[in-house]
Structure formats: structure tokens, C-alpha cells
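Trainee: I am attaching a structure below and will ask some questions about it afterwards.
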Amino acid sequence: MIADVVVDLQYGDCGKGKIAHALCRERDYTHVIRYNGGCNAGHTIYHNGVKFVTHHIPCGVFFGIKSIIGPGCVIHVDTFLEEIDKLEKAGIPASKLVHVATNAHLITDFHRLEDGKDEIIGTTKKGNGPAYRDKYGRRGVRALEDPRLQNYLINMYHELFENEEEEEIEILFEGAQGFGLDPDWGDYPYVTSSHCTVGSAILNGVPPKCIRDVWGVAKIYETYVGAKDFEGPDEIFEEIRELGQEYGATTGRPRQINWLDFDMLKMASRINGVNKMVINKMDILEEVNAWCLYDGPNLYEFKKRSDIEFWITGKLEMEVNKEIEIMFSGDKEYI
Ligand code: IMP
Ligand code: MG
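In the numbering used here, the protein residues as written are 1062 to 1396.
Okay, structure coming up:
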């Protein structure tokens, strides 16, 4: 068994969906597994030029790969079934390919109602926090208890370890949210309720020694949606928001914008053991022609794209991993 992991190094919305989609096209994965979060996630994917937004369903469905909502996830059944339906109508055979781990937990309508009242964190109001609270409080409801999911259920242990046909299992773990929203490493309490690091993927039943590549995904500027003040004072952020279409894929909320925080990028890369990194949205800063980042409290301004690329690459090679492979991307569908 071997597994690659896609993790977000900032606050979500860095383009994990795009990277996972591109990796599925290039590699021979047998499984794509979503390992954390629920329908608070919104993955924007361009498949053959057509835009799709998925919440629960992993991107393996676009390539005929078995796609699993893992035990680390929480699932809202109505949303899930609607998503299957939407994909089927677009010609993607999702109902055959998608499976839900028996031990994933349900987001109930009551969880949604409760989360809907949040005024402190600025949650997506999708019931995520209350569902995880009940899971760890030992009064949650698991996927295997919902009759509507019976055709989708999969026993993760059997699938990974007692399936003779699947000796050569190759997994892509598709993460949700991001390092800055992790309950332990993020800016608590302005975080989500499931872990957003490689450690979280491991919890879905795959031994640590099986991990091959860790793909860290970031943007050349940062965005955050939620209740805390995040946006910098620079007027250019308004322009970046419009050009970059920085509005939540799940809630439509405008994302707050700031320059890249190199310290956090470094910390997230170290903790996740990132060996491949993609820094997205280069095209947007190219359009506004401004290249800045924070290194600690200092704001650095660069003259051109190649200067900032050189600086980031040099620092990451020196301080994180000599062998790290870094790609700077400005394309919606390809890396
Ligand atoms: P929750 O996950 O809905 O409880 O929201 C907690 C925090 O995480 C809020 O600031 C949300 O905006 C943020 N969040 C949750 N999911 C995502 C995501 O997929 N992308 C970006 N932010 C997210
Ligand atoms: Mg998103």
C-alpha cells in the first residue's frame, strides 16, 4: 500500500481540488480518500474546462477511481445525495464510484440548526463543529446507521487490508480546510473542528510508513473566511478579491485577503513533511503586478515574479527541505 497526501498550508481554498484532480490524471491511483471535514469544504474543480464545486465527494470520480469519504469525515446525507445526483446528471458516474466509510459520522439537521446560530467563529454553518463534538462526546450517529447510505457503505479495514484484489493499493488522500484552521496549529478558536494535517490522513487507517509524497498547497497571497479580522490595509486586496474570485465556494462570503505569511508556510511545511509544493494564483498577482510577502513582521516587496519565486524557493530549500520540489502555478486546471 502506498499513499500520497494533499494538504493545504494556509486557510483552505488554496486549490487542493485542482492538485488532486491533476494528480488523478497523471497517476494510477486505485483510491481517492477524503480524510477530514464535511460539507463545510468547497472544492472548485475544472474538469475538461467545465467548472464543478464539490463538498463531500472526492475528485477520483472524474477519472473512474474508487472514491471514499473516510472515517475522519462527517457527512450530511441530503447534501451528499444531492451532490451524487448533480454529478450523475453531468455524466460523472458518481453513484458507482463513491463510498462512505461505515464509521464516518453523520451531520444531522439538528447539528445544522445549532451551527446556524454561531456568531463568534464565523463557521460555514454546515453543522461541522456540533457533529465532531458529538462524535468525540460519544453520542454521535455513524454512517452505518442511516438507511439512505446502505448502498454506499464500505468497511475501511476490509477495503485496505483484507481485499485480495487490491494488493496494489495506491491512495490519494484529499484534504479539506487548511493548516491555519487546524484545531491545534491554527489560530484557536478561529479554527475548524477536524485536523487538517497529514496526521489526520493517517487516522483513516493507513500506516504512516505508507506515505510517499506530501503535496503542500498554498497561494501566493492568503485568504481567510471567518469572524476574525484578517485583511491587510492595502487597497490592492479589493482588486485581488475580484480578479481572484475570492468568494467562498460553500457560502459565497467574500474572503479576507492578506500577503503571504512565510513563517506560517514554513511551519506548515515542516509539520506536514511537505516534499512537493504548489503555490497557486500566480496569474492574479501578475495581473495586479504586485509581489509582496511577510517574513515575520517585515513586509518585503519584490520587483517581479521571478524575484519572489527565487526568494521563496531558496528559503524553503534552506529551512525546510533541501530536496523540496516547488511549482508556481497560474492555471485553473493544470499545475
Ligand atoms: P466550520 O468548519 O464550518 O466550523 O468553520 C470554522 C472556520 O473554518 C470558519 O472560519 C470557516 O470559514 C472556515 N472553513 C471551514 N471550511 C472551510 C473551507 O473549506 N475553506 C475555507 N475556510 C473554511
Ligand atoms: Mg474551498
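Ideal Cβ placement from N, Cα and C applies to all residues, glycine included.
Do you know whose CA, among LEU1214, TYR1355 and GLY1236, lies nearest ASN1097's CA?
Mentor: If we check each option's Cα against that of ASN1097, GLY1236 comes out closest.
Trainee: According to DSSP, is THR1284 part of a helix, a strand, or is it coil?
Mentor: Residue state, collapsed to three classes: strand.
Trainee: DSSP three-state call for SER1128: helix, strand or coil?
Mentor: DSSP places SER1128 in strand when its eight states are reduced to three.
Trainee: Taking the alpha-carbon positions, what's the THR1374 to SER1330 distance?
Mentor: Between THR1374 and SER1330, the C-alpha separation is close to 13 angstroms.
Trainee: Less than 7 angstroms between the CB of GLY1277 and some heavy atom of the ligand MG, yes or no?
Mentor: GLY1277 Cβ: outside cutoff for every heavy atom of the ligand MG.
Trainee: Do you know how far the Cα of GLY1190 is from the Cα of ASP1170?
Mentor: Going by the C-alpha atoms only, they are around 13 angstroms apart.
Trainee: If contacts are defined as beta-carbon pairs under 8 angstroms, then GLY1103 and ALA1310 qualify, I think. What distance do you get, rounded to the angstrom?
Mentor: Yes, they are in contact, since the Cβ atoms of GLY1103 and ALA1310 sit about 3 angstroms apart, within 8 angstroms.
Trainee: Between the Cα of ASN1101 and those of GLU1143, HIS1116 and GLY1110, spot the shortest distance and give me the residue it belongs to.
Mentor: Here the closest residue by C-alpha is HIS1116.
Trainee: Please look up how many angstroms separate the CB atoms of VAL1161 and SER1128, rounded, as I've assumed it's under 8 angstroms.
Mentor: Going by Cβ atoms, the distance from VAL1161 to SER1128 rounds to 10 angstroms, so no, they are not a contact pair.
Trainee: Can you tell me whether DSSP reads PHE1291 as helix, strand or coil?
Mentor: Coil at PHE1291, not helix or strand.
Trainee: What first and last residue would you give for the beta strand (DSSP E) that runs through ASN1336?
Mentor: Note, ASN1336: premise wrong, no beta strand (DSSP E); not H, not E.
Trainee: Just grab the DSSP bridge partners of PRO1315 for me.
Mentor: DSSP, once it has assigned bridges, lists TYR1308 as partnering PRO1315.
Trainee: Taking the beta strand (DSSP E) that GLU1347 falls in, what are its first and last residues?
Mentor: Note, GLU1347: premise wrong, no beta strand (DSSP E); alpha helix (DSSP H) at 1343–1349.
Trainee: Restricting to Cα atoms, I'd like to know which of GLY1125, GLY1277, ASP1248 and ILE1232 is closest to ILE1263.
Mentor: Checked all of GLY1125, GLY1277, ASP1248 and ILE1232; the closest Cα to ILE1263 is ILE1232.
Trainee: Would LEU1326 be called buried (16 or more neighbouring beta carbons within 10 Å of its own) or exposed?
Mentor: So LEU1326 ends up on the buried side.
Trainee: Here's a check: name, in chain order, each residue in its chain whose Cβ is nearer than 8 angstroms to the Cβ of ARG1088, leaving out the five neighbours to either side.
Mentor: Excluding residues within five positions, the ones whose Cβ falls inside 8 angstroms are ASP1065, GLU1231 and LEU1233.
Trainee: Between the C-alpha atoms of MET1343 and TYR1282, what's the straight-line distance to the nearest angstrom?
Mentor: Cα to Cα, the separation comes out at about 9 angstroms.
Trainee: Would you mind reading off the limits of the alpha helix (DSSP H) that contains HIS1138?
Mentor: Before going further, note that residue 1138 is Val rather than His in the sequence given. VAL1138 -> alpha helix (DSSP H) spans 1138–1150.
Trainee: Check TRP1246 in the structure and name its three-state DSSP category.
Mentor: It is coil, neither helix nor strand.
Trainee: Around the Cβ of ARG1200, are there at least 16 other Cβ atoms within 10 angstroms (buried) or fewer (exposed)?
Mentor: That one is exposed.
Trainee: In the structure shown, what three-state DSSP assignment does ARG1088 receive?
Mentor: It is coil, neither helix nor strand.
Trainee: Which residues bound the beta strand (DSSP E) around PHE1222?
Mentor: Here PHE1222 belongs to no beta strand (DSSP E); instead the alpha helix (DSSP H) covers 1217–1222.
Trainee: Could you check how far apart the C-beta atoms of ILE1063 and HIS1082 are, in whole angstroms? I think they sit under 8 angstroms.
Mentor: So it is not a contact: roughly 20 angstroms between Cβ atoms.
Trainee: Any heavy atom of the ligand IMP inside 7 angstroms of the beta-carbon of ILE1106?
Mentor: No - the ligand IMP has no heavy atom lying nearer than 7 angstroms to the Cβ of ILE1106.
Trainee: Check each candidate in ILE1340, PRO1315 and ILE1297 and name the one with the smallest Cα separation from ASP1290.
Mentor: Closest option to ASP1290, Cα to Cα, is PRO1315.
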